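Colleague: In the numbering used here, the protein residues as written are 107 to 402.
#1: Classify residue 321 as helix, strand or coil using the three-state DSSP reduction.
#2: Report, in whole angstroms, the separation of the C-beta atoms of residue 311 and residue 318, which I expect to be a contact under 8 Å.
#3: Suppose the cutoff is 7 Å on Cβ atoms and the five residues either side in sequence are ignored; what does the same chain contact list for residue 391 look like?
#4: Looking only at DSSP bridge pairs, what is residue 397 linked to?
#5: Where residue 124 and residue 334 are concerned, what is the direct C-alpha to C-alpha distance, given to the nearest angstrom?
#6: So what's residue 262 in DSSP terms, helix, strand or just coil?
#7: Straight-line CA distance for residue 118 to residue 173?
#8: What's the C-alpha gap between residue 364 and residue 376?
#9: Along the beta strand (DSSP E) that carries residue 240, what are the first and last residues, could you check?
#10: Flag this pair as yes or no: are the beta carbons of residue 373 and residue 292 separated by less than 8 Å?
#11: Pick out whichever of 362, 135, 112 and 128 has its Cα sitting closest to the Cα of residue 244.
#12: Residue 137 and residue 176 look like a contact to me (Cβ under 8 Å); what is the Cβ gap, rounded to whole Å?
#13: Kindly indicate the opening and closing residues of the alpha helix (DSSP H) around residue 223.
#14: Which partner residues does residue 361 have in the DSSP bridge list?
#15: From the DSSP secondary-structure annotation, give me the bridge partner or partners of residue 181.
#16: Could you tell me which whole alpha helix (DSSP H) segments of length 4 or greater appear in the segment 273–310?
#17: Which same chain residues end up closer than 6 Å to residue 230 when comparing Cβ atoms and leaving out the 5 residues on each side of it in sequence?
#18: How many Å lie between residue 329 and residue 250 at the Cα?
#19: For residue 163, is the classification buried or exposed, using 16 other Cβ atoms within 10 angstroms of its Cβ as the cut-off for buried?
#20: Output the residue ranges of the alpha helix (DSSP H) runs that lie fully inside the segment 326–384 and measure 4 residues or longer, sorted by chain position.
#21: What's the C-alpha gap between residue 224 and residue 270?
#22: Below 8 Å between beta carbons: does that hold for residue 184 and residue 192?
#23: Starting from residue 122, follow the alpha helix (DSSP H) in both directions and report where the run begins and ends.
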């Protein structure tokens, strides 16, 4: 466990790679845990030895709410835009593009395959925090910045007095930016990413893999990270110019390995992500699956 002043960084297995994520623990008189994707053994030990008074989820994705259920009697908050999303399977299906791609049948497939613990983790969230409002947890001040793009309600916890940013899923991994749900947005992701490097901070903590960056390291990594978006544009545009239609594009494995595209949620995100890039490039997907140039 790494400690930066009152902020403790709790790792998830395998360098906090998905389906896990890092958790932050505010070790003050108020014991606050931000996201619960870390190692469950570590989280249980933390709770036993120090206690947890409040859990804050940056967003609703399962790798960041993964172990909410380990704290059944602890109050849990999420951002206000996603509080409504988590109230039903239908809401989750809509924000992830499942309904848009597969209709009501897809929603039922998701309902039947969604792990019970994910439903339990989200169902235990009972409140919200407010954007851009400073919270003071026994002297540790944090501002929950609204940084949409990954999801519509996505939050970046910023500790201005400590110069610390929990960048979460602006994670600088080689996979690249994730905005594949229907509540994700490429342009907003880029804008939010640029906003993060402008903060008065010297330590950036990501939710997955490498973990802790200096400001200079994070700025350089962000340039490379956002450049992956343009690389995806170029790849998709190349395939379109080869004459591929939408269905053919979605079977290549542009974002995810082809071998896992048979999973409904992965296939949904692959399709949704390709649609976003086609729209960005000025294309329209006809109901026949033909890709038409609208403007350039």
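Backbone N, C-alpha and C fix where the C-beta goes; we use that ideal spot for every residue, glycine too.
Quick caveat, the model's predicted, so the values are computed rather than measured.
Modeller: Taking the coordinates as given:
#1: Position 215 of the chain shown, counted from the first residue, corresponds to residue 321. Three-state DSSP puts residue 321 in a helix.
#2: Position 205 of the chain shown, counting from 1, holds the residue named residue 311. Position 212 of the chain shown, counting from 1, holds the residue named residue 318. Right, their Cβ atoms sit about 6 Å apart.
#3: Locating residue 391 in the chain shown gives position 285, counting from the first residue. Around residue 391: 352, 381, 384 and 397.
#4: In the chain shown, residue 397 corresponds to position 291, counting from 1. In DSSP, residue 397 forms a bridge with 391.
#5: On the chain shown, position 18 is the one that residue 124 refers to. On the chain shown, position 228 is the one that residue 334 refers to. If I take the Cα positions, the gap works out to 19 Å.
#6: Within the chain shown, the letter at position 156 stands for residue 262. Strand at residue 262.
#7: For this step, residue 118 is matched to residue 12 along the chain shown. For this step, residue 173 is matched to residue 67 along the chain shown. For residue 118 and residue 173, the distance between alpha carbons rounds to 11 Å.
#8: As a working note, residue 364 is residue 258 in the chain shown. As a working note, residue 376 is residue 270 in the chain shown. Straight across, the Cα-Cα distance linking residue 364 with residue 376 is about 10 Å.
#9: Along the chain shown, one-based indexing puts residue 240 at 134. For residue 240, the enclosing beta strand (DSSP E) stretches over residues 240–243.
#10: Against the chain shown, residue 373 aligns to sequence position 267. Against the chain shown, residue 292 aligns to sequence position 186. Not closer than 8 Å, so no.
#11: Taking the first residue of the chain shown as position 1, residue 244 is located at position 138. When each option's Cα is compared against that of residue 244, the closest is 135.
#12: As a first step, residue 137 must be located in the chain shown, where it is residue number 31. As a first step, residue 176 must be located in the chain shown, where it is residue number 70. Rounded, the Cβ-Cβ distance is 14 Å, inconsistent with contact.
#13: Taking the chain shown and counting its residues from 1, the one referred to as residue 223 is at position 117. First-last of the alpha helix (DSSP H) with residue 223: 222–229.
#14: For the purposes of this step, residue 361 is identified with residue 255 of the chain shown, where counting begins at 1. Residue 361 pairs with nothing; no bridge assigned.
#15: On the chain shown, residue 181 is found 75 positions in, with the first residue counted as 1. In DSSP, residue 181 forms a bridge with 160.
#16: Counting only runs of 4 or more, we get 292–303.
#17: Within the chain shown, residue 230 is the residue found at index 124, counting from 1. Within the same chain, residue 230 has close Cβ partners 174 and 182.
#18: Taking the chain shown and counting its residues from 1, one reaches residue 329 at position 223. Taking the chain shown and counting its residues from 1, one reaches residue 250 at position 144. If I take the Cα positions, the gap works out to 23 Å.
#19: In the chain shown, the residue the question calls residue 163 occupies position 57. A residue is called buried when at least 16 other Cβ atoms come within 10 angstroms of its Cβ; residue 163 meets this threshold and is buried.
#20: Counting only runs of 4 or more, we get 352–355.
#21: Taking the chain shown and counting its residues from 1, one reaches residue 224 at position 118. Taking the chain shown and counting its residues from 1, one reaches residue 270 at position 164. If you take the alpha carbons of residue 224 and residue 270, they lie about 29 Å apart.
#22: The count along the chain shown starts at 1 and reaches residue 184 at position 78. The count along the chain shown starts at 1 and reaches residue 192 at position 86. Cβ distance < 8 Å, so residue 184 and residue 192 count as in contact.
#23: As a working mapping, residue 122 is identified with position 16 in the chain shown. Start and end: 119–122.
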